[in-house]
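K.L.:
Numbering (UniProt numbering), first residue to last: 1 to 255. All C-beta atoms in this analysis are idealised placements derived from N, C-alpha and C, irrespective of residue type, glycine included. Keep in mind it's a predicted model, so treat the numbers as computed, not measured. Structure provided below as structure tokens; questions to follow.
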Amino acid sequence: MPLELVTIPCLSDNYAYLLHDAQSGATAVVDVPEAAPIRAALDERGWRLSDIWITHHHDDHIQGIPDLRTSTGARVTGAAADAHRLPPLDVALPDEASFTFARSQVTTFPVPGHTVGHIAYHLPDDRLAFTGDSLMSAGCGRLFEGTPAQMWASLSRLAKLPPDTLICSGHEYTASNLRFALTLEPANPALILRNDRVIVARGEGRPTLPVPLSLELETNPFLRAHLPELKAAIGQPDASDLAAFTDIRARKDRF
Numbered sequence: 001m002p003l004e005l006v007t008i009p010c011l012s013d014n015y016a017y018l019l020h021d022a023q024s025g026a027t028a029v030v031d032v033p034e035a036a037p038i039r040a041a042l043d044e045r046g047w048r049l050s051d052i053w054i055t056h057h058h059d060d061h062i063q064g065i066p067d068l069r070t071s072t073g074a075r076v077t078g079a080a081a082d083a084h085r086l087p088p089l090d091v092a093l094p095d096e097a098s099f100t101f102a103r104s105q106v107t108t109f110p111v112p113g114h115t116v117g118h119i120a121y122h123l124p125d126d127r128l129a130f131t132g133d134s135l136m137s138a139g140c141g142r143l144f145e146g147t148p149a150q151m152w153a154s155l156s157r158l159a160k161l162p163p164d165t166l167i168c169s170g171h172e173y174t175a176s177n178l179r180f181a182l183t184l185e186p187a188n189p190a191l192i193l194r195n196d197r198v199i200v201a202r203g204e205g206r207p208t209l210p211v212p213l214s215l216e217l218e219t220n221p222f223l224r225a226h227l228p229e230l231k232a233a234i235g236q237p238d239a240s241d242l243a244a245f246t247d248i249r250a251r252k253d254r255f
């Protein structure tokens, strides 16, 4: 049986994700913006939390960990390189790591840009990637600590995952990200269709995540910065891929 995935809204626009293995009972949560909604989701399903996985150090991703850890005894995993600003870690991961969760292999790797210590979790057999605030739904995170070159390298690595990988990112920013994307590619049919569907979903109070990487490749301008049509759209047909990405990120910051 595949792992069960539950998307949990937290705070005003954050998401946490539960992963559950029915055979072993193992349950992991990716990021803990607040404890109460996660505990409620666990209680509703009768699941016991075994693991907490952290993508990066920002408060809106970790501030609920002490409470949740105390009430569940869950093991906390995060990047060794960022351990000095994370809650105490039971498992401190090196830059490139691999471990087993239930029957699934998990690989982790650095995706700096939003922060310098940001990591992603990829479960290849389950076609899942938890990308926090690096690759986001129709967007990418602001460069609070890293450089455009770091973020472009991170996104380029994530873009090479299998197209059917479900991207689980940290915020419900899809609608505003799509509005920006449409300023660059107003005639992109995949983008127009996605925007229409997101308007309906949000109107009904439904999350827009997770999302297939294949759809991100068709509609996310930050994954498309290397394409001639995107470079033409920003008036830089001869720009390098990094220069085009840098320009698009600056435009989004002003949007």
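Taking the straight line between their C-alpha atoms, what separation do you get for Tyr121 and Arg206?
P.N.:
24 Å
K.L.:
Cα-Cα, which of Asp95, Ser240 and Leu19 is closest to Val30?
P.N.:
Leu19
K.L.:
For the alpha helix (DSSP H) that Asp59 lies in, which residues bound it at each end?
P.N.:
Run containing Asp59: Asp59 to Ile62, per the alpha helix (DSSP H) assignment.
K.L.:
Per DSSP, which residues does Phe101 bridge with? Please list them.
P.N.:
Ser104
K.L.:
Classify Met151 as helix, strand or coil using the three-state DSSP reduction.
P.N.:
helix
K.L.:
Tell me which residues share the same chain as Ser24 and place their Cβ nearer than 7 Å to its Cβ, disregarding the 5 neighbours each side in the sequence.
P.N.:
Ala102
K.L.:
Give me the Cβ distance between Thr174 and Ala138, rounded to the nearest whole Å; I'm assuming they're in contact under 8 Å.
P.N.:
5 Å
K.L.:
Please go through the segment 19 to 104 and give each complete alpha helix (DSSP H) segment of 4 or more residues, from N-terminal end onward.
P.N.:
35 to 45, 59 to 62 and 65 to 72
K.L.:
Does the structure place the segment 91 to 101 close enough to the segment 55 to 68 that three or more beta carbon pairs sit under 8 Å?
P.N.:
no
K.L.:
CB residue 282 to CB Ser176, shorter than 8 Å?
P.N.:
The requested residue 282 does not occur in the structure, where the chain is confined to residues 1 to 255.
K.L.:
Do you know whose CA, among Ala244, Tyr15 and Pro163, lies nearest Leu213's CA?
P.N.:
Pro163
K.L.:
Compute the distance between the beta-carbons of Ser50 and Thr77, then report whether it is under 8 Å.
P.N.:
Taking C-beta atoms as the reference points, Ser50 and Thr77 fail to come closer than 8 Å.
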